[in-house]
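Engineer: Shown below is the structure under consideration.
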Amino acid sequence: MIAKVIIFVLIIAIIYFLIIPKFKSKKPSDSGESFVECSKCDTFVELKDSTLRNGKYICKECLK
Ligand SMILES: [Zn+2]
Numbered sequence: 209m210i211a212k213v214i215i216f217v218l219i220i221a222i223i224y225f226l227i228i229p230k231f232k233s234k235k236p237s238d239s240g241e242s243f244v245e246c247s248k249c250d251t252f253v254e255l256k257d258s259t260l261r262n263g264k265y266i267c268k269e270c271l272k
């Protein structure tokens, strides 16, 4: 009977350690990506997808 309780606790522990880190990694600050606001369309785009022009960031769509 005790073995069943141990297995049950182990399953809870495994679920806890597998699911909780996924929720924490959803934060943008943890992924290392930084977002900037496009000065033309006011849309937040990734820094790598934007271009710095006259001190303002412009997204790819506005550069077309
Ligand atoms: Zn834009």
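Just so you know, we're using my numbering here: the sequence shown kicks off at 209 and counts up by one.
Note that the Cβ used here is the ideal one computed from N, Cα and C, for glycine as well.
All figures in this text were calculated on a predicted structure; none of them were measured in a lab.
Would you mind working out which of ILE215, CYS267 and LYS212 sits nearest LYS248, comparing C-alpha positions?
Structural biologist: CYS267
Engineer: Is it the case that the Cβ atoms of PHE243 and PHE231 are separated by a distance below 8 Å?
Structural biologist: no
Engineer: Looking only at its chain, what residues have a beta carbon closer than 7 Å to the beta carbon of MET209, apart from the 5 residues adjacent to it on each side?
Structural biologist: Answer for MET209: no residue qualifies.
Engineer: Consider the C-beta atom of ASN266 and the heavy atoms of ligand 1; say whether any pair is separated by less than 7 Å.
Structural biologist: With the sequence shown as reference, residue 266 is identified as Ile, and Asn is not the correct amino acid for it. The answer is yes for ILE266.
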